[in-house]
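Every letter in the sequence shown is one number past the one before it in the UniProt record's numbering, and letter 301, counting from 1, is 301.
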Amino acid sequence: MAPGSKTTILPPVMAPGSKTTILPPVMAPGSKTTILPPVMAPGSKTTILPPVMAPGSKTTIRRITPCIVSLAWFICYQGHLTLLPSGVRVGKASIYAGGEGGHRRVLISEVVGTWLCPCGSSRCRVHPHSSAHAPTRPDPFPAPPTAVTSVPSAPNPPQPLGKPGGSGLTLEYCERGSSNKEPTWQTQTVAFMHQANEVIAAWHQAISGLLHGLRQRPRRVLVVINPVGGKKQASSVYKRKVMPLFRRAEVETRVVKTKYRGHGQELVEDEVNLEGVDGVVAVGGDGLVNEVVMGLLLVACRRAGINPHDPEVQMPTTHLRLGIIPGGSTDALCYSTHGTSDVVTAALHIIMGDSRQVDVASVHRDDQLLNVATSMVSYGYFGDLLRTSERWRKLGPTRYLLAGVLQLLRNRFYEGQLQVRTPAAPLAQPYDVNICSDRCSVCTKAAMCTPSPGEWLQFTGRWSIVTSALTSCACRLSPGGVSPAAHLGDGCMDLILVAGSSRRHTLSYLFRTAFTGNALSLQHVTFHRAQEMVFTPKAGAAESSWNCDGELLTEPRVRLRMHCQRVGLYTRGVEAAPEDPSKTPAPVKRAAV
1 MAPGSKTTIL
11 PPVMAPGSKT
21 TILPPVMAPG
31 SKTTILPPVM
41 APGSKTTILP
51 PVMAPGSKTT
61 IRRITPCIVS
71 LAWFICYQGH
81 LTLLPSGVRV
91 GKASIYAGGE
101 GGHRRVLISE
111 VVGTWLCPCG
121 SSRCRVHPHS
131 SAHAPTRPDP
141 FPAPPTAVTS
151 VPSAPNPPQP
161 LGKPGGSGLT
171 LEYCERGSSN
181 KEPTWQTQTV
191 AFMHQANEVI
201 AAWHQAISGL
211 LHGLRQRPRR
221 VLVVINPVGG
231 KKQASSVYKR
241 KVMPLFRRAE
251 VETRVVKTKY
261 RGHGQELVED
271 EVNLEGVDGV
281 VAVGGDGLVN
291 EVVMGLLLVA
301 CRRAGINPHD
311 PEVQMPTTHL
321 RLGIIPGGST
331 DALCYSTHGT
341 SDVVTAALHI
351 IMGDSRQVDV
361 ASVHRDDQLL
371 NVATSMVSYG
381 YFGDLLRTSE
391 RWRKLGPTRY
401 LLAGVLQLLR
411 NRFYEGQLQV
421 RTPAAPLAQP
431 YDVNICSDRC
441 SVCTKAAMCT
451 PSPGEWLQFT
461 GRWSIVTSAL
471 TSCACRLSPG
481 GVSPAAHLGD
491 GCMDLILVAG
501 SSRRHTLSYL
511 FRTAFTGNAL
521 SLQHVTFHRA
531 QEMVFTPKAG
541 AAESSWNCDG
551 ELLTEPRVRL
561 RMHCQRVGLY
571 TRGVEAAPED
581 PSKTPAPVKR
591 AAV
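In structure tokens, the structure reads:
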């Protein structure tokens, strides 16, 4: 190379079985040279010797990249290969990237999508161009809808979809957020460039083939939106944050909006709406989630020939998983299963196809199924709060605060009898230090062998709050939750009883639940881990209502029964940082008010 020259050394095409040595050029001072990689057929061997560089010269050697023929051979027989510049390898389960910034591994299951960028601009690192190619699904899969988000027009004219004609490939993948307070997820994009179109096509085909081989990921979902729940922003949240992610991940959607109370259950219970879908997504609060779960369980009972109104039968497992996009006032089930109510995080867990089975409780009155619950069923204070707030719906989420203050001033308590059935050998206790997580050993054991039922216990008393917590019931207002050590899938509920004799007792319980997370340590609070519960109010005494996952039940005499891991969710559980002490509750210690 002459001084100051700029040169590109084009790559040779290697025939099968060939052996080639590319001798190095001699670089003069100030020259700039790019050595492109050769395109190799299966079985070929190539060695690129390092160039001799003079001071001030700049040389880039792109790593050897197989062509599309070699790509298929490596995927089938070796499981991984060197694919992309800067030391990127694609394997059956991961994409490994190396370079000046160190090494990075991206799991295939955490890739949102990939698309071609014809012009190869740096803008591909954020969004694909309007002229970018939609990903093509390899045979025998049918062609998917476009996964390209529109952006301002690129300087290059649009090219026909499905025909590679550019020099860039954009990869969007999921990445765990840096915050230790909540396990949020976000997306990152990176663009890989190459001069040879066939190499770009090989990269795209390899990654797309691996993505479409992930059977746990949903391809078609039914999206049920409650447009009036919470702050009435569920529709806009879905349109702005969730729908673009689903499009780029090639998730086809069928969107319906609820029009009245109970409409979500009717939509899901009608199996015509479930034809050809892999899952259901509820965009709203805990009330909508309750309706969808009820519908899925009734469909499962109908398919299994089970009478859901019989309180003695075990509910079957739902055949579709449920994804929850938070759009309500508290979003307790979403927070309890993800550890956050972040919308993007919930959407990415759906895209990645994460799966976790959670418990559900049936609520019966004699031989009638009143409802089901996945978070909490509460009598007394929380039932009165919900009944009062229903009359103030125009106030939005503020109505819950006002109704709560009103119930404290009233200081009501209720007398009755409780019959509780505890497990013979519980896998965990409400005061355990190890809380439920994405790698919970307690839930794993319960999935293999549900705890056997034990003896019935009977209590008679006067309480201001009677709560059965199926999960921690954590939310933004109460990060610790009602029962911090509750498990998602152990087949048990935590029965919490707050003695009703003093307004100070109720206030101290509510304060600790909201701010310190150790309300179970109070002397006037008792708790039991149970599988079944029957509540009968005292004859002639005042009666309250039941708050069942945000739905009002006016029947005071009910029977609750747990059904272990019957509902599938798109979640992996709460991903708590091991070094974060705030995620580990303090051991329960009895204390005065």
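Heads up, the beta-carbon is just placed ideally off N, CA and C, and yes, glycines get one too.
All of these numbers come straight from a predicted model, not from anything done at the bench.
Cβ-based burial, residue i [other Cβ within 10 Å; buried from 16]
| i | result |
| --- | --- |
| Leu395 | exposed |
| Glu575 | buried |
| Gly573 | buried |
| Thr467 | buried |
| Trp546 | buried |
| Gly517 | buried |
| Thr398 | exposed |
| Thr422 | buried |
| Ala234 | buried |
| Ser389 | buried |
| Ala332 | buried |
| Asn226 | buried |
| Pro458 | Looking at the sequence provided, one finds Gln at residue 458 rather than Pro. It counts as exposed. |
| Val237 | buried |
| Leu401 | exposed |
| Leu385 | buried |
| Thr444 | exposed |
| Leu409 | exposed |
| Gly540 | exposed |
Beta-carbon contacts of residue i that lie in its chain and below 6 Å, excluding the five residues immediately before and after
| i | result |
| --- | --- |
| Val348 | As written in the sequence, residue 348 is Leu, which differs from the Val given in the question. Same-chain partners within the cutoff: Cys174 and Trp185. |
| Arg462 | Phe413, Glu415 and Gly500 |
| Ala485 | Pro430, Asp432 and Ile435 |
| Ile207 | Thr114 |
| Val442 | Leu427, Ala428, His487 and Asp490 |
Residues near residue i in its chain [Cβ-Cβ closer than 7 Å; skip 5 each side]
| i | result |
| --- | --- |
| Gly229 | Gly284, Gly285, Gly287, Leu288, Gly327 and Gly328 |
| Ser478 | Thr513 and Ala514 |
| Val251 | Pro218, Arg219, Val221 and Ile351 |
| Cys334 | Ile324, Pro326, Ser341 and Ala346 |
| Tyr381 | Gln407, Ser464, Ile465 and Thr506 |
| Ala519 | Tyr509, Arg512, Thr513 and Val525 |
Contacts around residue i, its chain only, beta-carbon distance under 8 Å, and the 5 residues preceding and following it disregarded
| i | result |
| --- | --- |
| Ala446 | Leu427, His487, Gly489, Asp490, Gly491, Cys564 and Gln565 |
| Ala361 | Val372, Ala373, Thr374, Val377, Ser468, Leu470, Met493, Leu560, Arg561, Met562 and His563 |
| residue 599 | Outside the displayed span of the chain (1 to 593) sits residue 599, for which this structure offers no information. |
| Arg254 | Arg220, Val221, Leu222, Val223, Asn273 and Val277 |
| Glu555 | Arg365, Leu370 and Trp546 |
| Thr337 | Ile324, Arg356, Val358, Thr471, Leu488, Leu569, Thr571, Gly573 and Val574 |
Cross-strand partners of residue i (DSSP beta bridge)
| i | result |
| --- | --- |
| Cys117 | Gly168 |
| Tyr456 | Note on identity: in this sequence residue 456 is Trp, with Tyr being the wrong assignment. Arg421, per the DSSP bridge assignment. |
| Cys174 | Thr187 |
| Phe527 | Ile496 |
| Ala469 | Met376 and Asp494 |
| Leu369 | His364 |
| Thr536 | Gln417 |
| Glu551 | Cys548 |
| Leu569 | Leu322 and Arg356 |
| Gly461 | Gly416 |
| Phe192 | Leu169 |
| Val111 | Tyr173 |
Proximity below 8 Å, CB of residue i to CB of residue j
| i | j | result |
| --- | --- | --- |
| Ile325 | Ala282 | yes |
| Met376 | Leu470 | yes |
| Ile496 | Phe527 | yes |
| Val482 | Thr460 | no |
| Val343 | Lys231 | no |
| Leu297 | Thr330 | no |
| Val113 | Pro218 | Per the sequence shown, the amino acid found at residue 113 is Gly instead of Val. In this structure, Pro218 does not lie closer than 8 Å to Gly113 by Cβ. |
| Ala191 | Leu169 | yes |
| residue 677 | Ala425 | Past the edges of the chain, shown from 1 to 593, lies residue 677, and the structure says nothing about it. |
| Glu182 | Gly339 | yes |
| Ser498 | Ser472 | The displayed chain sequence assigns Val, not Ser, to residue 498. In this structure, Ser472 does not lie closer than 8 Å to Val498 by Cβ. |
| Leu267 | Val293 | no |
| Thr189 | Leu171 | yes |
| Val420 | Leu553 | no |
| Glu291 | Gln314 | no |
| Leu116 | Ile200 | yes |
| Val111 | Leu211 | yes |
Contact with chain B by residue i, beta-carbon distance below 8 Å
| i | result |
| --- | --- |
| Gly380 | The structure shown has no chain B; it contains just one protein chain. |
Legend entry - Secondary structure, alpha helix (DSSP H): runs of 4+ residues fully inside the UniProt domain "DAGKc" (216–367): Entirely contained in the UniProt domain "DAGKc" (216–367), the alpha helix (DSSP H) runs reaching 4 residues are, in chain order, 234–237, 243–248, 263–269, 286–304, 332–338 and 343–352.
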